[in-house]
Structure formats: C-alpha cells, structure tokens
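Engineer: As they're listed, the protein sequences go chains A and C.
So for the first sequence, my numbering puts the first residue at 41; every next one is plus one.
So for the second sequence, my numbering puts the first residue at 187; every next one is plus one.
Here it is, the structure in full.
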Amino acid sequence: DGGITQSPKYLFRKEGQNVTLSCEQNLNHDAMYWYRQDPGQGLRLIYYSQIVNDFQKGDIAEGYSVSREKKESFPLTVTSAQKNPTAFYLCASSIANFYYGYTFGSGTRLTVV
Amino acid sequence: SQQGEEDPQALSIQEGENATMNCSYKTSINNLQWYRQNSGRGLVHLILIRSNEREKHSGRLRVTLDTSKKSSSLLITASRAADTASYFCATDEETSGSRLTFGEGTQLTVNP
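So, in structure tokens, the structure goes:
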C-alpha cells in the first residue's frame, strides 16, 4: 500500500542532544513537508521541499535541519539549538500542485527528558 | 504565521445533529482545504475547494467559500460519534510559494 511512514512513534531526547526523525513516502510525491504541533494548537511549518536536493525554511526553522537526498525521504534533525523541542512532529507529502491535498504520516512525539 | 482562524474552538453536539465550523483567513488564496485529526494521529484530507468555487459536497460534508469575506464553513450533517476529532482549515495563499498554512482547529465532540 502507498503511504507515508514516520519513525519512531515516540522519541526521548536528552538536553544538548541532536535527534533525527525519519519520514519516508512511496507515493511518488514531489513535495514533502515538516510541521510541528503543540498541544491544542494548529500546525506550524518547519521546512519543506519541492524537489530533490532543494528545500526551504518555513515559519519556525530555527534549531532544525533537513536534507532531501532522495525523493522518498525527508529526515528532520532537531538540534540542541532548539530550546523547546517537546512537541508532536508531522511529516506530509503531496504532488507538485497539491490539488489533491497533503498525505500525512502518523507523527512522532518528541519529549525532552 | 497562522493564516486561518477557526470558530468555534470547541463544539459539542449530540449524535444526529449537524455540526458547522467556520474558518477565516487574511490573504488571497488559490484554494482552501479541510482536514480532520483524530487524537494523537496524523491529519486526513477531507475536501478541497478552489477560489472560483462557492460550494462543494462530499458525502455528509458540505463546504462553502466566500472569497469576498475571506471565510469558509464546513458542515457535517447527521453527525456520528466517530466524527469526534479536530478539524483544521488550510489555505494555499497566492503568494505562499506552494505551501499550506493551517489554522488552529475546531475540536468537535459528538456525544452518543
């Protein structure tokens, strides 16, 4: 079945540690996105990528980094520079003009311990 | 930046009743989309309405768009307990560079 897979489902990070969240899709979608969701709030865009080897900052990119070496994969690294990383992270993908909407993964819940 | 603002923030109704959620936005858009999120899960795309459309239906869902007022509404008819979820509107702004901007959502509770 085609879909978008995020892993792990739960992730615990120690202070000062970098962690990487995985996002893989087999939908042949060109575009991929990372959003952050805090409790009871909407989604805020971190980074997005329209094509391989290219990506753009979203509204809250500070403290995060991404890569897009393959069409299927768009990993997100939460660096130690992100001072408040505890949140629910959602990855999404779409065809180029997203007239059919985004397809979302099931999310990764990151907690700082 | 949050483009869409949903109203109300929370809505509680009985099974069988209709649920109406509203979304307002600030800038010109290419299209507006509605998504559903069950607790702790990813979002699921429900329906898309283009800027030149005024109304669209999909099953028990009815979406309207008024570009002059920069607002949209989502109506769920004959609601079921399984409709309990958060509902988000998302806008594709004309100047956004191919990205969606999400509102903060409406939490709908349908009581059996």
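Positions of the beta carbon are idealized from the N, C-alpha and C atoms, including for glycine.
Keep in mind that this is a model prediction, so the values were computed, not measured.
Going by DSSP, what residue range makes up the beta strand (DSSP E) through A:Asp99?
Structural biologist: Working through the first sequence from its first residue, we reach residue 99 of chain A at position 59. From DSSP, A:Asp99 is part of no beta strand (DSSP E); its letter is neither H nor E.
Engineer: Would you say C:Ile262 reaches chain A, if we count a Cβ-Cβ gap shorter than 8 Å as a contact?
Structural biologist: Within the second sequence, residue 262 of chain C is the residue found at index 76, counting from 1. False, the Cβ-Cβ gap to chain A never drops below 8 Å.
Engineer: Could one say the Cβ of A:Gly147 lies closer than 8 Å to chain C's Cβ atoms, at least one of them?
Structural biologist: Along the first sequence, one-based indexing puts residue 147 of chain A at 107. Yes, A:Gly147 counts as interfacial toward chain C.
Engineer: When you compare the CB positions of A:Ser89 and A:Arg108, do they come within less than 8 Å of one another, or not?
Structural biologist: The sequence position of residue 89 of chain A within the first sequence is 49, counting from 1. The sequence position of residue 108 of chain A within the first sequence is 68, counting from 1. It is a contact, given that the beta carbons lie within the stated cut-off.
Engineer: Starting from A:Tyr88, find everything on chain C with Cβ-Cβ shorter than 7 Å and list it in chain order.
Structural biologist: Indexing the first sequence from 1 puts residue 88 of chain A at position 48. Chain C residues near A:Tyr88: Arg285.
Engineer: Who does C:Thr206 pair with in a DSSP beta bridge?
Structural biologist: Counting from one through the second sequence, the residue named residue 206 of chain C turns up at place 20. C:Thr206 pairs with C:Leu261.
Engineer: Of all the residues that make up the region 198-227 of chain C, which are near chain A by a beta-carbon distance shorter than 8 Å?
Structural biologist: Within the region 198-227 of chain C, the qualifying residues are Asn217, Gln219, Tyr221, Gly226, Arg227.
Engineer: Nearer than 7 Å: is that true of the beta carbon of C:Ile215 relative to any heavy atom of the ligand ADP?
Structural biologist: Of the ligands one can find in the structure shown there are none, so the ligand ADP has no counterpart to examine.
Engineer: From C:Leu229, C:Arg222, C:Gly245, C:Ser258, pick the residue whose C-alpha is nearest to that of C:Glu239; which is it?
Structural biologist: Taking the second sequence and counting its residues from 1, the one referred to as residue 239 of chain C is at position 53. Out of C:Leu229, C:Arg222, C:Gly245, C:Ser258, C:Ser258 has the C-alpha closest to the C-alpha of C:Glu239.
Engineer: Is the Cβ of A:Ala127 closer than 8 Å to any Cβ of chain C?
Structural biologist: Stepping through the first sequence from its first residue, residue 127 of chain A is reached at position 87. Not closer than 8 Å to any Cβ of chain C, the Cβ of A:Ala127 fails to qualify, so no.
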